[in-house]
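Chains as they are written, first to last, in the numbering used here: chain A, 63 to 244; chain B, 63 to 244.
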């Protein structure tokens, strides 16, 4: 069984990670692929219930997501992770666990755009001090320095993002085929 | 998106859970289904790394598997769990988390058969006292009282088990269709 790609969508809250993941999933399922979305918010309510936002807990949350992503990838399931993973070393941990199938996708939007969208009302609550340890407001977000793909949702809509991601997946698959033939 | 079934294969170590899961997976993938196997041994090495075999840790292990199974099921992925889940209340926890898609499958084999097979050499180690808290030797296994399916691997081979499981899945799907039409 070939390992399928793991696309890790990192970016600020409100950058559009979950929306892109959902649309990409639909597109891939339409082409007959087996796809799983591991969405940070859902994982926090389920698998990582009880973990907080300390550095240790964030790390453990990312470790669990990465372990699941790896397991599914080895079974040929394309995994789309939508999770902030704010620090470079968090993403390094994910990359170490997942290995070759890991692809880093930076879903970029300016903090002011994310804050203006504020879909879940979290920025307003963070500014009022009701949410402590909120990435981009009180906690650091380190943008990826060398992502496999950057999609800018301040300037482009979800369909452009999905097209770019589909192209990335096709490149990964071509590379894998070359490796198998070599 | 329809929820897909979660087949929870419970039974002693060596009863044949992983083997059946692997064969069933291949059969379903061959029919174009999206399928994930959550195998207890793999989960212990990955997602549940660091958890032991105390009651609290066993419970947390099962909670994590059940949360992942639920998430994947809601995305239309058929989930096959191969995990001992020794006590009735462990399976109750899984059933509570997963909800309607949960199906309990008792992979039954006598302790003496499992011990004779001893594929991983664990029974021998448990008898020598090198493995503490080993289900069936030092720890209790409560057989399911009312499983959705019982497959007896002392008397039947893996292909009979897979056929029975395929029939169970077809019954689940038929029920779901009836619910949708109602």
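Backbone N, C-alpha and C fix where the C-beta goes; we use that ideal spot for every residue, glycine too.
Subject >> Residue span of the beta strand (DSSP E) that contains residue 167 of chain A, given as start and end >> reply: 164 to 170
Original post:
Using a Cβ cut-off of 7 Å, which residues of the region 107 to 129 of chain A contact any Cβ in chain B, in chain order?
Top reply: 108, 109, 126, 129
**OP:** Report all residues from its chain with a CB closer than 6 Å to the CB of residue 85 of chain B; omit the five preceding and five following residues, and keep chain order.
**Re:** 220, 224
Original post:
Can you tell me whether DSSP reads residue 72 of chain A as helix, strand or coil?
Top reply: strand
**OP:** Sort A:145, A:141, A:211, A:215 by Cα distance to residue 97 of chain A and report the nearest one.
**Re:** A:141
Original post:
Going straight from the alpha carbon of residue 70 of chain A to that of residue 83 of chain A, what length do you get?
Top reply: 10 Å
Original post:
For residue 197 of chain B, which residues does DSSP report across the bridge?
Top reply: B:201
Original post:
Which partner residues does residue 99 of chain B have in the DSSP bridge list?
Top reply: B:142
**OP:** With distances taken Cα to Cα, identify the nearest neighbour of residue 122 of chain B among A:129, A:111, A:127, A:124.
**Re:** A:111
Subject >> Of the residues B:130, B:117, B:90, the one placed nearest residue 105 of chain B, counting alpha carbons only >> reply: B:130
Original post:
Does the separation of the CB atoms of residue 67 of chain A and residue 197 of chain A fall below 8 Å?
Top reply: no
Original post:
Quick one: which chain A residues come within Cβ less than 9 Å of residue 96 of chain B?
Top reply: 91, 95, 96, 97, 98, 139
Subject >> CB contact below 8 Å: residue 104 of chain A versus chain B >> reply: yes
Original post:
By a C-beta neighbour count over all protein chains shown, 10 Å radius and 16 as the cutoff for buried, is residue 205 of chain B buried or exposed?
Top reply: exposed
**OP:** Determine which residues share a DSSP beta bridge with residue 213 of chain A and list them.
**Re:** A:169
**OP:** Go ahead and pull the three-state DSSP assignment for residue 77 of chain B.
**Re:** coil
Original post:
Closest to residue 164 of chain A by CA distance: which of A:210, A:214, A:170, A:87 is it?
Top reply: A:210
**OP:** Take residue 113 of chain B and list the residues in its own chain whose beta-carbon comes closer than 7 Å to its own, dropping the five residues that flank it on each side.
**Re:** 119, 122, 123
**OP:** Spell out whether any CB of chain A is found under 8 Å from the CB atom of residue 132 of chain B.
**Re:** yes
Original post:
Apart from the five residues just before and just after residue 77 of chain A, which ones in its own chain have a Cβ nearer than 7 Å to its Cβ?
Top reply: 169, 170, 171, 176, 215
**OP:** Can you have a look at residue 135 of chain A and say buried or exposed, based on whether 16 or more other CB atoms are within 10 angstroms of its CB?
**Re:** buried
Original post:
Helix, strand or coil: which one does DSSP assign to residue 64 of chain A?
Top reply: coil
Original post:
Going by other Cβ atoms of all chains shown within 10 Å of its Cβ, with 16 needed for buried, is residue 243 of chain B buried or exposed?
Top reply: exposed
Subject >> Whole-angstrom C-beta distance between residue 144 of chain B and residue 99 of chain B, which should lie under 8 Å >> reply: 7 Å
**OP:** May I ask you to report which of helix, strand or coil DSSP gives residue 152 of chain A?
**Re:** helix
**OP:** Measure the Cβ-Cβ separation of residue 109 of chain A and residue 126 of chain A and say whether it is below 8 Å.
**Re:** yes
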